[in-house]
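Participant: Pasting a structure below so you can have a look.
Protein chains: 2
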Amino acid sequence: MAMIETPRSQYGQIAELLLRRIEDGTYPAGSPLPSEDRLADELGVSRVTVNRAVGLLRIAGHVKVKRGSGTLVRALPMIHRDAKARYAARAQGTGAGDVEARFHNLQSKTVYRRIAETPAPEDVAETLGIKKDQPTLIRSRVLYANDEPTQIADSYIPWTIAEKSPELLNENAGPGGSYERLADIGHGPARFTEDVTVRMPTDEEQRVLELEPTQPVFQIWHVAYDGKDRPVEVTVHVMPGYLWKLRYGWDE
Amino acid sequence: MAMIETPRSQYGQIAELLLRRIEDGTYPAGSPLPSEDRLADELGVSRVTVNRAVGLLRIAGHVKVKRGSGTLVRALPMIHRDAKARYAARAQGTGAGDVEARFHNLQSKTVYRRIAETPAPEDVAETLGIKKDQPTLIRSRVLYANDEPTQIADSYIPWTIAEKSPELLNENAGPGGSYERLADIGHGPARFTEDVTVRMPTDEEQRVLELEPTQPVFQIWHVAYDGKDRPVEVTVHVMPGYLWKLRYGWDE
DNA sequence: CAGTGGTCTAGACCACCAC
DNA sequence: TGGTGGTCTAGACCACTGC
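Top line first, the protein sequences correspond to chains S and C.
For the first sequence, my numbering begins at 784 and goes up steadily by one.
For the second sequence, my numbering begins at 784 and goes up steadily by one.
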């Protein structure tokens, strides 16, 4: 990371200094950084410059600001998500998305925000091969690890399919989860695709995921196809970029 | 994106305003934004505030600053990368990584930076199951589309394998590319994994990819295993986040 | 040389938090 | 109420570009 010694900006160098101190334990995980005023004094620069340096650390997810209180060093470790393995585990009855959390010995929590019939947004409709605003079942939830939000997951199922399995309207869709319910009614997923992008969070995502306008998020556009290759479910995952490592694998 | 009407920061609102103007064609792709001084005048704010607003657009990749000259609206469209398809195409003789570029009618270019024997970095060594600093063949290249850098790709092959196929030392490794050469010597790739992360670019990546310190990059840690499930190649792809959509798919 | 963005400062006011 | 970070300003100096 460190280079020969370009005439770097002060805020860039200060960010590096603070990062070194985080990594060598001067500022341990979970502890607060010194206040920006104090750092400005110590380093002989204005607070604006310190603020900008801290901004770099925030973008990268190294620290998290508690408004009015202070700036804390990130506590959560990076979470691994193995696309294939997680759905395999799910098929064996493991609950939704706490596969990853358990692996890391984190306490997992899922909060459902909304389970209801809703008109399909345009992009979802296109993926599902139905018309915009045709009815779908939405299952929208937020996942937490150690009480910190780790992802938003919004699933959409065409209503003509979903209505055949009333259990899909429950938070707990029963043994094996919603994919097993789809299997019950002859639409068990046989093939998946995921499109991964990075982007800046929307205002809502900033609020829910406790992110800042400058912190990039992963978006995973997950599509499940049944045995006749008909798209039967779309799930949009939005997750803080610094928090996740996504694993994919294939043969041949 | 837009919400009820939170008391948003000025720079945030200005960023939204500028983005609207980009999207509605007021500032077309490839054209310059008005200077920050002019915008500050027009909007009745200080230049620092405009600078900060433009900073948000830069992070998201909507504009690109030409130092000393001006700020341009991004011209390149998003590039799709289908992990499975690209290696399939490669096996049929298509050159390295211009699969995606061709799809988008972009002019593609590959510049090799280094093809040489080199000691394995620690993380590469760990993946390849060899010891740190044991010799590997590195093939390091930068890919461009329409003369803009789109990715850095550094491939490592254990030297004990690579030395059996001298063509791997050529920029053009022959028909079918380097994977065919590995097949020639009994190490044809049979299985792949990719680990995807987002992070901030290093100084070198900023320079090569013409990025700014705040623009996130995708890192793809690509590993090829031969028929005996021995790791025979690691490729690290680093690419501007705003530029790519990564597609993965699997059955069952 | 003039125009552009990059950075820095000192000072200010605000919203939010904990006490 | 005092401490924290969020934001804004006016003014300044710099490096780089293109003429």
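Note that CB positions come from ideal geometry on N, CA and C, so glycine has one too.
Going by DSSP, what residues sit across from residue 983 (chain C) in a beta bridge?
Facilitator: BP columns for residue 983 (chain C) are empty, so no partner.
Participant: Hey, residue 981 (chain S) and residue 811 (chain C) are a contact pair by Cβ (cut 8 Å); roughly how many whole angstroms apart?
Facilitator: Under the criterion of beta carbons closer than 8 Å, residue 981 (chain S) and residue 811 (chain C) do not qualify as touching, at roughly 25 Å.
Participant: Under 7 Å Cβ-Cβ, which residues of chain S neighbour residue 1009 (chain C)?
Facilitator: Here the premise fails: no neighbours, minimum Cβ distance about 12 Å.
Participant: Does chain C have any CB closer than 8 Å to the CB of residue 909 (chain S)?
Facilitator: Not one chain C Cβ lies under 8 Å of residue 909 (chain S).
Participant: Could you spell out the range, first to last residue, of the beta strand (DSSP E) harbouring residue 853 (chain S)?
Facilitator: Segment 853–856, the beta strand (DSSP E) holding residue 853 (chain S).
Participant: Can you find a C-beta in chain S that's less than 8 Å from the C-beta of residue 810 (chain C)?
Facilitator: no
Participant: I'd like the span of the alpha helix (DSSP H) that includes residue 924 (chain C), first residue to last.
Facilitator: First-last for residue 924 (chain C): 918–928, but that is the beta strand (DSSP E), not the alpha helix (DSSP H).
Participant: For residue 846 (chain S), I'd like the list of residues in its chain whose CB is within less than 7 Å of its CB, leaving aside the five on either flank, ordered along the chain.
Facilitator: 816, 837, 840, 854, 855, 856 and 857
Participant: Any Cβ of chain C within less than 8 Å of the Cβ of residue 786 (chain S)?
Facilitator: Caution is warranted here: a pLDDT of 31 is assigned to residue 786 (chain S), below 50, making its placement in the model unreliable, and no coordinate value can be reported.
Participant: Just to make sure I have the definition right: I need the residues of chain C whose C-beta is within less than 7 Å of the C-beta of residue 869 (chain S). Which are they?
Facilitator: Here the premise fails: no neighbours, minimum Cβ distance about 11 Å.
Participant: Between residue 842 (chain C) and chain S, is the shortest Cβ-Cβ distance under 8 Å, so that the two count as touching?
Facilitator: Closer than 8 Å to the CB of residue 842 (chain C) there is at least one CB belonging to chain S.
Participant: Under 7 Å Cβ to Cβ from residue 914 (chain S), same chain only, skipping five residues before and after it: list those, please.
Facilitator: 908
Participant: Just curious, the beta strand (DSSP E) that residue 1008 (chain S) is in, first and last residue?
Facilitator: 1000–1009
Participant: Between residue 1022 (chain S) and chain C, is there a C-beta pair that is closer than 8 Å?
Facilitator: Chain C, which has no Cβ nearer than 8 Å to the Cβ of residue 1022 (chain S), makes this no.
Participant: Using 8 Å as the threshold, is the C-beta distance between residue 949 (chain S) and residue 1009 (chain S) below it?
Facilitator: no
Participant: Classify residue 1012 (chain C) as helix, strand or coil using the three-state DSSP reduction.
Facilitator: Secondary structure of residue 1012 (chain C) (DSSP, three-state): coil.
Participant: Got a sec? Which residues, its chain only, sit under 8 Å from residue 902 (chain S) by beta carbon, not counting five neighbours each side?
Facilitator: Cβ neighbours of residue 902 (chain S) beyond the five flanking positions: 915, 916, 917, 918 and 919.
Participant: Which value, in whole angstroms, describes the spacing of the CA atoms of residue 814 (chain S) and residue 889 (chain S)?
Facilitator: 19 Å
Participant: Could you tell me if residue 911 (chain S) is buried or exposed, where buried requires 16 or more neighbouring beta carbons within 10 angstroms of its beta carbon?
Facilitator: buried
Participant: Anything in chain S within Cβ reach of residue 977 (chain C), meaning under 8 Å, just list it in chain order.
Facilitator: 1030, 1031 and 1032
Participant: When you compare only the Cα positions, how much space is there between residue 1025 (chain S) and residue 859 (chain C)?
Facilitator: 26 Å
Participant: In whole angstroms, give me the CA-to-CA distance for residue 892 (chain S) and residue 991 (chain S).
Facilitator: Between the alpha carbons of residue 892 (chain S) and residue 991 (chain S) lies a gap of roughly 14 Å.
Participant: Check whether the region 955–965 of chain C and the region 924–933 of chain C touch, using three or more Cβ-Cβ pairs below 8 Å as the test.
Facilitator: no
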